[in-house]
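Colleague: One structure, as structure tokens, below. Some questions next.
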Amino acid sequence: MRQAGEMTFTFLLLGFLILASGMFSAGETALFSLSAHQRQLFERAKPGPKRLAATLIHRPDQLLVTVLLGNMAVNVAFFAISSVLVIQLKDRVGGGWATLLAFLPLITLILLGEVLPKAVAVTHPVSISMLVAFPLFVVNRALAPVRGALQWLFIKPAVRLLSPDAPETDPGVTHEELQTLLASSAHRGLIDRPTSLLLQEVVELHDVKVREVMVHRADIIAFDLDEGLDELIRLVRLHRLKQVPVFRQDIDHLCGVINVKELFLYQGRTLDQLVRPVLYVPELATVDRLLSTFRERGEKLAIAVDEYGGTAGLVTLRDVAERIIGELHQPADTLGEPIRQLAEDEYLIAGQLSIRDWADLFAPRIELRGVDTVAGLMAARLGRVPALGDSVRVRNLLLTVQEMDRRRVTWIRLRRVPPAESALAGTNTPAASEPATE
């Protein structure tokens, strides 16, 4: 009778351990399967299971260690007790039943303690998270001393050694995930193509540098304060400016900007009194950071500076908007389309055309680093400032300087040539000795 009671208690204890193993497995899968939106809803919920689940997932490193420790302890206890039980029962059964009995605990633990709980949790993460939140929270608090010692003595040093560049915090939704989500939504018809393209441009602002959207130094319309008021008014009317960068000596010595409205509103003031401080940003800053700075400072114009502190260009909110939605309305005296087709395989391209836009249209597989415009590509390939008539070859594309404004390349003729002709053309150009850009 006593032996039967001990056997019943042993089976009940094994059942409890199987449930505990299933709880750890299901809890790990459910909590780590919650989407960012579901986590936010849990954080905003009233005190209860959802808030407990949010507290656990807030420190995923601690939660993972707790789950692994708890699951390991439960599984070790299950195998220790089940091994003793199998030895006791082995004498009562013989032959093949004894072999099956030896493997029964392993099969039971895999099916009921791992596979089935995880399969249910991955399909019902919210309900399972709420179900296991309280027991996991209790275990998490109970194992805090052991977990802390393991993390500081072994886990964190090992992570730093194996992954020195690993982020300290969860970055949330990455730009790659956003791009994949947009592509999937467009493919499924949830958003139309124009909206998808617009959102893609917004997401890619994280990778776009200020120097890719700014007006370059040579094209900045600025005013020397020593020239007087009449010359400033003439410049404003000629170019229809709203804000004018002003300097003394040269453009590297900017004093600030003058708002044209204030110029005519406060006619009794001197030009020095109308100058307002200008916002400076690094030319290598990202455009999304520039937008944040514009919003925080209430500005719409900034001066981009290079690594030496010199003026590299000028960027406005309009420049960023044009990067996202395309060219806005421009005065009639500005250049028209940056790409003009002359023949079937021949084009006229603006020298200041973005290298990204150029590569998307003509050379999608070419990796280009360190240049921002097509004119910059030619200068990099030639190793000097391009001259009228200079040519470089990029794969089967022959680029020739067509027109210049002093030392600035304004128009480039692009021609697609067959591979044989391309090789022949390459031997007759100043860039022939340069390797093709891949």
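Numbering follows this note's numbering, in which position 84 of the sequence shown is assigned residue number 71; successive positions increment by one, without gaps. Each residue gets a CB set at the ideal place from its N, CA and C atoms; glycine is no exception. Quick caveat: nothing in here was measured; it's all calculated off a predicted structure.
1) Answer with buried or exposed for Ser171, where buried requires no fewer than 16 other C-beta atoms within 10 angstroms of its C-beta.
2) Does the separation of the CB atoms of Thr298 and Leu288 fall below 9 Å?
3) Can you give, in chain order, each stretch of the beta strand (DSSP E) that sits fully within the segment 95 to 148 and has at least 3 residues?
4) Hey, would you say Val54 sits closer than 9 Å to Glu15, going by beta carbons?
5) By how many angstroms is the C-alpha of Val292 removed from the C-alpha of Tyr267?
6) If you draw a straight line from the alpha carbon of Arg175 to that of Val113, how long is it in whole angstroms?
7) Find out if the Cβ-Cβ distance for the pair Ala366, Val396 is shorter than 9 Å.
8) Have a look at Val126 and Gly57 and give me their C-alpha separation to the nearest angstrom.
9) Glu333 lies in the beta strand (DSSP E); which residues open and close that run?
10) Three-state secondary structure (DSSP) at Val195?
11) Quick test of your reading: Ala272 and Val197, contact by CB under 8 Å. State the CB separation rounded to the nearest angstrom.
12) If I measure Cβ to Cβ from Arg284 and keep anything under 7 Å in the same chain, skipping five residues before and after, which residues do I get?
13) Grouping DSSP H, G and I as helix and E and B as strand, with all else coil, what is Gly363?
14) Just the C-alpha distance for Pro132 and Lys143, rounded to the nearest angstrom, thanks.
15) DSSP on Ala209, reduced to helix/strand/coil?
16) Does DSSP classify Gly2 as helix, strand or coil?
17) Which full runs of the alpha helix (DSSP H) of 4+ residues lie inside the segment 216 to 304, going along the chain?
18) Going by alpha carbons, who is nearest to His193 out of Arg402, Arg380, Arg310, Pro36?
19) Report, in whole angstroms, the separation of the C-beta atoms of Val439 and Met(-6), which I expect to be a contact under 8 Å.
20) Are the beta-carbon atoms belonging to Ile220 and Leu250 less than 9 Å from one another?
21) Here's a check: name, in chain order, each residue in its chain whose Cβ is nearer than 6 Å to the Cβ of Gln328, leaving out the five neighbours to either side.
22) Name, in chain order, the residues that DSSP records as bridge partners for Gln328.
23) Which term fits Pro232, buried or exposed, when burial requires 16 or more other beta carbons within 10 angstroms of its beta carbon?
24) Quick check on DSSP: helix, strand or coil for Ser378?
25) Identify every residue that forms a DSSP beta bridge with Leu91.
26) Provide the residue span of the beta strand (DSSP E) that contains Arg395, from first to last.
27) I'd like to know whether the C-beta atoms of Leu4 and Phe65 end up nearer to each other than 9 Å.
28) In the DSSP assignment, find the beta strand (DSSP E) that holds Glu214 and state where it starts and stops.
29) Give me the DSSP bridge partner(s) of Leu385.
30) Using 8 Å for Cβ pairs, my map puts Val388 next to Gly376. What's the rounded Cβ distance?
31) Classify Met201 as buried or exposed, calling it buried when 16 or more other Cβ atoms lie within 10 Å of its own Cβ.
32) Would you kindly check if the distance between the Cβ of Gly338 and the Cβ of Trp398 is under 9 Å?
33) Where do the N-terminal and C-terminal ends of the alpha helix (DSSP H) with Ile44 fall, by residue?
34) For Glu188, which residues from the same chain have a beta carbon less than 6 Å from its beta carbon, with the 5 sequence-adjacent residues on both sides left out?
35) Measure the beta-carbon distance from Val107 to Ala13 and round it to whole angstroms, keeping in mind my assumption that it falls under 8 Å.
Modeller: Well, looking at it:
1) Counted from its first residue, the sequence shown places residue 171 at position 184. Exposed.
2) In the sequence shown, the residue the question calls residue 298 occupies position 311. In the sequence shown, the residue the question calls residue 288 occupies position 301. Going by C-beta atoms, Thr298 is not nearer than 9 Å to Leu288.
3) none
4) Within the sequence shown, numbered from 1, the residue matching residue 54 stands at position 67. Within the sequence shown, numbered from 1, the residue matching residue 15 stands at position 28. Yes; because the gap between Cβ atoms is below 9 Å, this pair is in contact.
5) Taking the first residue of the sequence shown as 1, we reach residue 267 at position 280. Taking the first residue of the sequence shown as 1, we reach residue 292 at position 305. Near 7 Å, if we compare the C-alpha coordinates of Val292 and Tyr267.
6) Within the sequence shown, numbered from 1, the residue matching residue 175 stands at position 188. Within the sequence shown, numbered from 1, the residue matching residue 113 stands at position 126. Approximately 25 Å, taken between the alpha carbons.
7) Here the question's residue 366 lines up with position 379 in the sequence shown. Here the question's residue 396 lines up with position 409 in the sequence shown. Their beta carbons are under 9 Å apart, which means Ala366 touches Val396 by this criterion.
8) As a position in the sequence shown, residue 126 is number 139, starting the count at 1. As a position in the sequence shown, residue 57 is number 70, starting the count at 1. For Val126 and Gly57, the distance between alpha carbons rounds to 8 Å.
9) If you number the sequence shown from 1, residue 333 lands on position 346. Glu333 -> beta strand (DSSP E) spans 333 to 337.
10) Your numbering for residue 195 matches position 208 in the sequence shown. In this structure, Val195 counts as coil in the three-state DSSP scheme.
11) In the sequence shown, the residue the question calls residue 272 occupies position 285. In the sequence shown, the residue the question calls residue 197 occupies position 210. The Cβ separation is near 5 Å, so the contact holds.
12) Along the sequence shown, one-based indexing puts residue 284 at 297. The answer, listed in chain order, is Leu266.
13) If you number the sequence shown from 1, residue 363 lands on position 376. Correct three-state label for Gly363: helix.
14) Within the sequence shown, residue 132 is the residue found at index 145, counting from 1. Within the sequence shown, residue 143 is the residue found at index 156, counting from 1. Taking the straight line joining both Cα atoms gives about 15 Å.
15) Locating residue 209 in the sequence shown gives position 222, counting from the first residue. The answer is coil: DSSP assigns Ala209 none of H, G, I, E or B.
16) Translated into the one-based positions of the sequence shown, residue 2 becomes position 15. Residue state, collapsed to three classes: helix.
17) 216 to 226, 247 to 252, 258 to 261, 274 to 284
18) As a first step, residue 193 must be located in the sequence shown, where it is residue number 206. Among Arg402, Arg380, Arg310, Pro36, the Cα nearest to that of His193 belongs to Arg310.
19) Any answer about residue 439 is impossible in this case: the structure gives the chain only from -12 up to 425.
20) Here residue 220 is taken as the residue at index 233 of the sequence shown, counted from 1. Here residue 250 is taken as the residue at index 263 of the sequence shown, counted from 1. Their beta carbons are under 9 Å apart, which means Ile220 touches Leu250 by this criterion.
21) Taking the sequence shown and counting its residues from 1, one reaches residue 328 at position 341. Excluding sequence neighbours, Gln328 sits near Tyr334.
22) By 1-based counting over the sequence shown, the position of residue 328 is 341. Per DSSP, Tyr334.
23) Numbered from 1 along the sequence shown, position 245 holds the residue referred to as residue 232. Buried is the call here.
24) Start at 1 with the first residue of the sequence shown, and residue 378 comes out as number 391. Here Ser378 sits in strand by DSSP.
25) Translated into the one-based positions of the sequence shown, residue 91 becomes position 104. DSSP lists no partner for Leu91.
26) Position 408 of the sequence shown, counted from the first residue, corresponds to residue 395. Taken as a continuous stretch (DSSP letters only), the beta strand (DSSP E) holding Arg395 covers 395 to 403.
27) Within the sequence shown, the letter at position 17 stands for residue 4. Within the sequence shown, the letter at position 78 stands for residue 65. Taking 9 Å as the Cβ cut-off, Leu4 and Phe65 qualify as a contacting pair.
28) Locating residue 214 in the sequence shown gives position 227, where the first residue counts as 1. Careful: Glu214 lies outside any beta strand (DSSP E) and carries neither H nor E.
29) Walking along the sequence shown from the start, residue 385 turns up at place 398. According to DSSP, Leu385 bridges with Arg380, Arg402.
30) The sequence position of residue 388 within the sequence shown is 401, counting from 1. The sequence position of residue 376 within the sequence shown is 389, counting from 1. Correct: roughly 6 Å between the Cβ atoms.
31) Residue numbering aside, residue 201 sits at position 214 when the sequence shown is read from its first letter. Classification of Met201: buried, given that the 10 Å Cβ count is 16 or more.
32) Residue numbering aside, residue 398 sits at position 411 when the sequence shown is read from its first letter. Residue numbering aside, residue 338 sits at position 351 when the sequence shown is read from its first letter. It is a contact, given that the beta carbons lie within the stated cut-off.
33) Counting from 1 along the sequence shown, the entry for residue 44 is found at position 57. From DSSP, the alpha helix (DSSP H) with Ile44 extends over 36 to 45.
34) Translated into positions along the sequence shown, residue 188 becomes position 201. Closer than 6 Å at the Cβ level, and outside the excluded window around Glu188, lie Ile311.
35) The residue labelled residue 107 in the question sits at position 120 within the sequence shown. The residue labelled residue 13 in the question sits at position 26 within the sequence shown. The Cβ separation is near 6 Å, so the contact holds.
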